[in-house]
Structures are given as structure tokens and as C-alpha cells.
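Here the numbering used here is used: the first residue of the sequence shown is 1, the next is one more, and so on. Some notes on the structure that comes next.
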Amino acid sequence: MKKVFLFAVVLAIIIVSCARKSVPQTSTGTDAVTEVKAPVVEVTKFETSVKSLITTKCGPCHVPSAGGKKVALDNLQDAQKWADEIVKRIQMNPGDRGYMPFKNPKLSDEEIAVFKKWVKDGMN
Ligand code: HEC
């Protein structure tokens, strides 16, 4: 008779501990919702994104320090001044009048997007 009682007690402990474990699991659903973060939107800046494109794709012609004789575009002030013209010309096709980069392959969509984003972000 004692054994049956002991068995009942052990069984009761097992049932109670299992029931407790299931409690915190119901709250994990709400924790996951608070972890969702807003997407990080990076600002495109001249020094970090545009300048290297100009020196590699628009040089030497537009880079005076490299011997370029055309309008300088390798500094913020001049790039801002010519921004509209730059964005217009790099979207033309080779052979079009005014196409840039002159006598060179067209920039990739990603490279063109960098110039457009820089203008959209306020040309800093
Ligand atoms: C091989 C030399 C060469 C390269 C490379 C070149 N350009 Fe030019 N660029 C020229 C010449 C030549 C002109 C003047 C003729 C004209 O206006 O079409 C010019 C004119 C311009 C003008 C108008 C300035 C003015 O005097 O009216 C802009 C803006 C311009 N280029 C932007 C660019 C950009 C942006 C790139 C790079 C993506 C680039 N160019 C690459 C030779 C070059």
C-alpha cells in the first residue's frame, strides 16, 4: 500500500513540473515582436561614396591633380555645381551627344544609383 502512495506522489510531482514549464513559453511570442528593428537607411556622402567613383571613372579628364583638363569634379563644391549635368550625362548611352564617361564604357546601374542617391540625400 505504501508503494502505491509513493508512486502517486512522484506522479503528482512530474505532472506539476511539466505544467510549470509550459508557462514561460507562452510569453516568448511577445518578446520576438519587440526585437523587430527599423531598417537602417544610410546617407550617401561625397567623400565616402562618390569621390572614388569620380577618380576611377571620370579621371583623368575631370581630375586636375591627375592632369585632367576638363571641369574638375573631384571635390565637393564642383561636384555639387555639376550634379544635375553629371546625373543626366551618365544615364545617356555611348554615342549620345554629351554622354559620359567620354569614350569609356557606361557606368553600371549600381554606380549610377550612387550618384542619384547622393543628390537625393542632399549632396553632402
Ligand atoms: C576621357 C575623358 C573623359 C572622361 C573619362 C569623362 N569625361 Fe566628362 N567630359 C570630357 C570632355 C571632353 C567634356 C567636354 C565635352 C562635352 O561637354 O561633351 C566633358 C564634359 C563633361 C561635363 C560637362 C562640363 C562642361 O564643361 O560643360 C560633365 C558634367 C562631365 N563631363 C561629367 C563626367 C562624369 C560624371 C564622368 C565620369 C562618370 C566623366 N565626365 C568622364 C571628357 C571626359
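In this text, a Cβ means the ideal position worked out from N, Cα and C, and glycines have one as well.
Compute the distance between the beta-carbons of Ala79 and Val50, then report whether it is under 9 Å.
By one-based count along the sequence shown, residue 79 stands at place 79. By one-based count along the sequence shown, residue 50 stands at place 50. Yes. Within cutoff.
Classification of Thr44 by the beta-carbon crowding that lies within 10 angstroms, buried from 16 upward: Here the question's residue 44 lines up with position 44 in the sequence shown. It counts as buried.
Checklist entry - Is there at least one non-hydrogen atom of the ligand HEC closer than 8 Å to the beta-carbon of Gly67? => result Translated into the one-based positions of the sequence shown, residue 67 becomes position 67. Not so, every heavy atom of the ligand HEC lies at least 8 Å from the Cβ.
DSSP state of Phe102 mapped onto helix, strand, coil | Numbered from 1 along the sequence shown, position 102 holds the residue referred to as residue 102. Coil.
Item to complete: Using alpha carbons as the reference points, say which of Asn124, Val114, Gly59 lies closest to Gln91.
Response: Indexing the sequence shown from 1 puts residue 91 at position 91. When C-alpha distances from Gln91 are compared across Asn124, Val114, Gly59, the shortest belongs to Val114.
message = I'd like the span of the alpha helix (DSSP H) that includes Leu76, first residue to last.
response = As a position in the sequence shown, residue 76 is number 76, starting the count at 1. Unbroken alpha helix (DSSP H) run through Leu76: 76-90.
**CB contact flag (Met123, Cys58, <9 Å)** = What you label residue 123 is simply residue 123 of the sequence shown in a count that begins at 1. What you label residue 58 is simply residue 58 of the sequence shown in a count that begins at 1. No. Outside cutoff.
Going by CA-CA distance only, name the one from Asn75, Gly67, Lys106 that's closest to Lys88. For this step, residue 88 is matched to residue 88 along the sequence shown. Among Asn75, Gly67, Lys106, the Cα nearest to that of Lys88 is on Lys106.
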